[in-house]
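In this note's numbering, the protein residues as written are 101 to 561.
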């Protein structure tokens, strides 16, 4: 019922957008031309046909609003583009006002998106008050079940109401064991199934480890004749996962345990921003480069730039560029001595550059070459990678994306030399948080923080 109402509303919004656009363009709302009527009809039919394919009318309970709105916007864009292709094919575009077309596309799209946004927010409010909820029974060990219950408790707007827990660690003859978060804990499978059926529980969540295939099979077989939604929520707390979605590989359903966190289309905004920002920075900073280069040459003999091999995305090596801040010296093979406070190797100009991060500016060349990003985990010397990869859990996962000039760890105070394993562990936690929660706007936040307070640090020397 609700889906049919939503479809009818979307079609009405297409018609309303066309009429309002005609009134705005010609000041006569009802005298549409034949071609305009044809385009409106095309759009109405395409909305009814294509929107379901984009999942616009699927349930969005517990899912983020931005993802829903992005899908609706994409679906509307495809509808308009398809209608234009059809009109071109029928040679009817010569009589269409481009201004009317733009107005109608914008108005109808806005009405559709705003209405869905309003409905979503209204439903969240209703569910937060305990209405329009779906009952859930959780199957799993007490530890992970408790975590899921905490998630549900902190997300009442999702509208999921837990009613009981089945403890898979023990199976006794009794009906109830203990209580977990004020919910009854069942230990007998038949009693659990009876409760689910008697109370008409909407969903059963199997919160089980990946190895519990036989247990999953037992529950799918138990409820094979019941109209209850079975969901598998894998207990992967012991694993560091990236992009842990179900993907298709050669026709097989595959769960990524360790893979590149974002698909290439998701990274396009980041790639475009990196190149444009790096080019603009190099042009704007060209006079600074010249002044620093002269100062470096006058301060001590040696090259202007310091080059060192670092690891890039997926561990591919590249040569990172910095302004030379130390006197030329040689170290034993496989050894890198980090700069310390009052290090005699650091020149006067080099000390200033290191404190203000000016020595890092040549890395915009690495960004322009596609070896680095403006924002990302800082790449460390290869020797440090070899030292910490076995001491810090998840250390090498930092290289699942391009390293950056600045990063979430750096703007949170983790800059400069790292002399203790504990400090490196904290830095890696920030880097992994960034990777797990990456978005283009997260990058912009880090860039602004860096510009306003991230260049100078007391730990850089």
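Ideal Cβ positions, reconstructed from N, Cα and C, are used throughout, including at glycine.
Cβ neighbour criterion (16 or more within 10 Å) applied to residue i
{"i": "residue 270", "result": "exposed"}
{"i": "residue 538", "result": "buried"}
{"i": "residue 272", "result": "With a pLDDT of 46 at residue 272, under the threshold of 50, the predicted position of this residue should be treated as unreliable, and no value is reported."}
{"i": "residue 114", "result": "buried"}
{"i": "residue 221", "result": "exposed"}
{"i": "residue 551", "result": "exposed"}
{"i": "residue 127", "result": "exposed"}
{"i": "residue 327", "result": "exposed"}
{"i": "residue 471", "result": "buried"}
{"i": "residue 535", "result": "buried"}
{"i": "residue 411", "result": "buried"}
{"i": "residue 527", "result": "buried"}
{"i": "residue 131", "result": "exposed"}
{"i": "residue 104", "result": "exposed"}
{"i": "residue 298", "result": "exposed"}
Three-state secondary structure (DSSP) of residue i
{"i": "residue 541", "result": "helix"}
{"i": "residue 426", "result": "strand"}
{"i": "residue 418", "result": "strand"}
{"i": "residue 473", "result": "strand"}
{"i": "residue 291", "result": "helix"}
{"i": "residue 372", "result": "helix"}
{"i": "residue 547", "result": "helix"}
{"i": "residue 459", "result": "helix"}
{"i": "residue 113", "result": "helix"}
{"i": "residue 330", "result": "strand"}
{"i": "residue 321", "result": "helix"}
{"i": "residue 274", "result": "With a pLDDT of 45 at residue 274, under the threshold of 50, the predicted position of this residue should be treated as unreliable, though the coordinate-derived value follows. Note: residue 274 maps to coil in three-state DSSP."}
{"i": "residue 390", "result": "helix"}
{"i": "residue 182", "result": "helix"}
{"i": "residue 156", "result": "coil"}
{"i": "residue 450", "result": "helix"}
{"i": "residue 490", "result": "coil"}
{"i": "residue 632", "result": "An answer regarding residue 632 cannot be provided, because it is not within the stretch 101 to 561 covered by the chain."}
{"i": "residue 504", "result": "strand"}
Nonlocal neighbours in the same chain, by C-beta distance under 6 Å from residue i, ignoring five residues either side
{"i": "residue 469", "result": "none"}
{"i": "residue 332", "result": "306"}
{"i": "residue 257", "result": "224, 227, 228"}
{"i": "residue 274", "result": "The predicted position of residue 274 is uncertain, since its pLDDT is 45 and thus under 50; no value can be drawn from it."}
{"i": "residue 118", "result": "140, 204"}
Residue i: CB within 6 Å of a non-hydrogen atom of the ligand PLP
{"i": "residue 322", "result": "Summarising the ligand content, the structure contains no ligands, and the ligand PLP is consequently not present."}
For residue i, the nearest candidate out of the options (CA to CA)
{"i": "residue 292", "options": "318, 313, 118", "result": "318"}
{"i": "residue 494", "options": "529, 462, 475", "result": "529"}
{"i": "residue 400", "options": "521, 309, 300, 424", "result": "424"}
{"i": "residue 382", "options": "315, 458, 133, 450", "result": "458"}
{"i": "residue 426", "options": "140, 446, 139", "result": "446"}
{"i": "residue 160", "options": "176, 118, 234", "result": "234"}
{"i": "residue 491", "options": "525, 501, 471", "result": "525"}
{"i": "residue 474", "options": "464, 210, 483", "result": "464"}
{"i": "residue 334", "options": "308, 533, 188", "result": "308"}
{"i": "residue 174", "options": "189, 417, 191, 154", "result": "154"}
{"i": "residue 549", "options": "512, 239, 521, 265", "result": "512"}
{"i": "residue 504", "options": "498, 476, 484, 521", "result": "476"}
{"i": "residue 267", "options": "282, 240, 246, 259", "result": "240"}
For residue i: DSSP bridge partner residues
{"i": "residue 283", "result": "280"}
{"i": "residue 307", "result": "240"}
{"i": "residue 235", "result": "261"}
{"i": "residue 481", "result": "410"}
{"i": "residue 267", "result": "240"}
{"i": "residue 377", "result": "According to DSSP, which records beta bridges pairwise, residue 377 is partnered with nothing at all."}
{"i": "residue 405", "result": "423"}
Residues near residue i by beta carbon distance below 8 Å, same chain, minus five either side
{"i": "residue 80", "result": "Here the chain comprises residues numbered 101 to 561, so residue 80 is not present and cannot be evaluated."}
{"i": "residue 452", "result": "458"}
Residues near residue i in its chain [Cβ-Cβ closer than 7 Å; skip 5 each side]
{"i": "residue 449", "result": "395, 396, 399"}
{"i": "residue 276", "result": "For residue 276, the pLDDT reaches just 45, beneath the cut-off of 50, and the residue's location in the model is therefore unreliable, leaving the point undetermined."}
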